[in-house]
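Residue numbers (our numbering): 16 to 227. Accompanying notes for the structure given below.
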Ligand SMILES: [Zn+2]
């Protein structure tokens, strides 16, 4: 059972459809496992629907109402709602192979990485898979910007506790940690890194050739 959950604000953004694809994926993977967050999202969804209904009502005459009903009757019956795609299929489609057989790049020591940002065309965030071998330690490090992580396999521990499969964690540039992979499996995480647009000197000149 997962013990580390997304913040309520993130769940609200998820429910409202305001999250970019990589962030929504992290929440989606967590929701599949976590009945607590699922019920929160269900409540938020219903709340959203009620709020939509509270929109100012447009007055409709009786004859217009009848013609609207007739139009609705003439429409083909709605298709049954599609079942959500199983999590395993979502991951298979994203990764294309068993997660342990991916072309991992050894970064240093016990850590391997694989940048999968290209799987999310048109999105601003960097998306990275990270693997820490079973029992392995990552060097102490801080984070650039905000890093949202979901554990896909195994577990890791740091000073904030143990993070198991499908646990959710958000780290900022204020957080320094030294994760250790616990358990007998390699720990694999999916991280979404916020990537603020930095204007480099060249880019600034390109934008405004008259300044420089
Ligand atoms: Zn949860």
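Cβ coordinates follow ideal geometry from the N, Cα and C atoms, glycine included.
Point to revise | Runs of alpha helix (DSSP H) lying entirely within the segment 98-169, each at least 4 residues, in chain order | key: The segment 98-169 contains these whole alpha helix (DSSP H) runs: 102-110.
Check your understanding: Going by other Cβ atoms of all chains shown within 10 Å of its Cβ, with 16 needed for buried, is residue 121 buried or exposed?
Key -> Working through the chain shown from its first residue, we reach residue 121 at position 106. Using a 10 angstroms sphere on the CB of residue 121, the tally of other CB atoms stays under 16, which defines it as exposed.
Review point. Does DSSP put residue 58 in a helix, a strand or coil?
Key: Locating residue 58 in the chain shown gives position 43, where the first residue counts as 1. It is helical.
Point to revise | Backbone CA spacing between residue 198 and residue 113 [nearest angstrom] | key: What you label residue 198 is simply residue 183 of the chain shown in a count that begins at 1. What you label residue 113 is simply residue 98 of the chain shown in a count that begins at 1. Rounded to the nearest angstrom, the two C-alpha atoms are 19 Å apart.
Check your understanding: Alpha carbon to alpha carbon, how far is residue 156 from residue 65?
Key -> The residue given as residue 156 occupies position 141 in the chain shown. The residue given as residue 65 occupies position 50 in the chain shown. Approximately 45 Å between the Cα atoms of the pair.
Exercise for review: Name, in chain order, the residues that DSSP records as bridge partners for residue 202.
Suggested key: Looking up residue 202 in the chain shown gives position 187. Secondary-structure assignment with DSSP links residue 202 through a beta bridge to 147.
Practice item. State the DSSP-derived secondary structure class of residue 26, mapped to helix, strand or coil. Key: Taking the chain shown and counting its residues from 1, one reaches residue 26 at position 11. Of the three classes helix, strand and coil, the one that applies to residue 26 here is helix, per DSSP.
Review point. Beta carbon of residue 49: closer than 7 Å to some heavy atom of ligand 1?
Key: Within the chain shown, residue 49 is the residue found at index 34, counting from 1. Correct: residue 49 has its Cβ closer than 7 Å to ligand 1.
Exercise for review: Decide if residue 169 is buried, meaning its Cβ has at least 16 other Cβ atoms within 10 Å, or exposed.
Suggested key: Here the question's residue 169 lines up with position 154 in the chain shown. Counting Cβ neighbours within 10 Å, residue 169 comes out buried, since at least 16 surround it.
Check your understanding: Should residue 67 go down as buried or exposed, given a rule of 16 or more other Cβ atoms within 10 Å for buried?
Key -> Looking up residue 67 in the chain shown gives position 52. Exposed, because fewer than 16 other Cβ atoms sit within 10 Å of the Cβ of residue 67.
Exercise for review: Note down the Cα distance separating residue 153 from residue 147, rounded to an integer number of angstroms.
Suggested key: Here residue 153 refers to the residue found at position 138 when the chain shown is read from its first residue. Here residue 147 refers to the residue found at position 132 when the chain shown is read from its first residue. Spanning the two alpha carbons is a distance of roughly 7 Å.
Review point. Between residue 31 and the rest of its own chain, which residues show a CB-CB distance below 7 Å, the 5 nearest in sequence each way excluded?
Key: Taking the chain shown and counting its residues from 1, one reaches residue 31 at position 16. The residues are 63.
Point to revise | Span of the beta strand (DSSP E), counted from its first residue to its last, around residue 46 | key: Counting from 1 along the chain shown, the entry for residue 46 is found at position 31. From DSSP, residue 46 is part of no beta strand (DSSP E) but of the alpha helix (DSSP H) over 36-46.
Exercise for review: Flag residue 52 as yes when its Cβ comes closer than 7 Å to any non-hydrogen atom of ligand 1, and as no otherwise.
Suggested key: Position 37 of the chain shown, counted from the start, is the residue given in the question as residue 52. For residue 52, the CB falls within less than 7 Å of some heavy atom of ligand 1.
Exercise for review: Out of 18, 48, 55 and 19, state which residue places its alpha-carbon closest to the alpha-carbon of residue 2.
Suggested key: Nothing can be reported for residue 2: it is not among the residues displayed for the chain, which extend from 16 to 227.
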